[in-house]
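Single-structure report; data block below.
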Amino acid sequence: MLTGQVGLIADKRFWMGRAILRITGWRYHHVVIAISDVECISSEPGGTRRRLISDYPGVVWSNYAMTEKQAHLIAGIAEYSLGCRYDYLSCISHAVAAITRVDTPLWLQHWLADRAPTTCSALAKVAVDAAGLRTPHGPLPTPNDWDCHYRTRGWIRA
């Protein structure tokens, strides 16, 4: 069952994904949450929306060992966020940190994470944390933080 798993995206078909990958040097630029074997939730510019998993060729899925209850909790939190505004300010913070190679101050990460808008990585963290599973450290993760988390867990080879 794919429900509740987190997916990493490195889709170079669109300019924004290519720009993020080029500017940051990350391997992945986007994170989604599976709500079924065919659909996922994506927090993206324009708001959080439902997408087909097939919209993202080459997605790399997490391999969380979870109960059906945990999977449906994660999916439910993701679905509850539908229509939530995208957090452009957090993206600017991530971009500055990636370009300067200086972490965003922790106080600013907390402030940004406590606001109503969300990013793809932050939504995944909130949903997976609620299910009691391990997520990247810090209040405002990036797709790169998820990549490192996957590598630490052995879901992607280094």
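Heads up, the working numbering is the position in the sequence shown plus 4, with the first residue counted as 1.
A virtual CB, placed ideally from N, CA and C, is assigned to each residue, including glycine.
Check	Outcome
Can you give me the C-alpha to C-alpha distance between I96 and I24, rounded to a whole angstrom?	11 Å
In whole angstroms, what separates the C-alpha of T7 from that of W65?	11 Å
Let's see if you can read the secondary structure: which residues bound the beta strand (DSSP E) around R53?	G51 to L56
Express the C-alpha separation of A38 and T52 in angstroms, rounding to a whole number.	13 Å
Could you tell me if I103 is buried or exposed, where buried requires 16 or more neighbouring beta carbons within 10 angstroms of its beta carbon?	exposed
Using the rule of at least 16 other Cβ atoms within 10 Å of the residue's Cβ for burial, across every protein chain shown, is I27 buried or exposed?	exposed
So is P140 buried or exposed if we call it buried at 16+ other beta carbons inside 10 Å?	buried
Using CA atoms only, rank isn't needed, just tell me which of P143, P49, T123 and L12 is closest to W19.	P49
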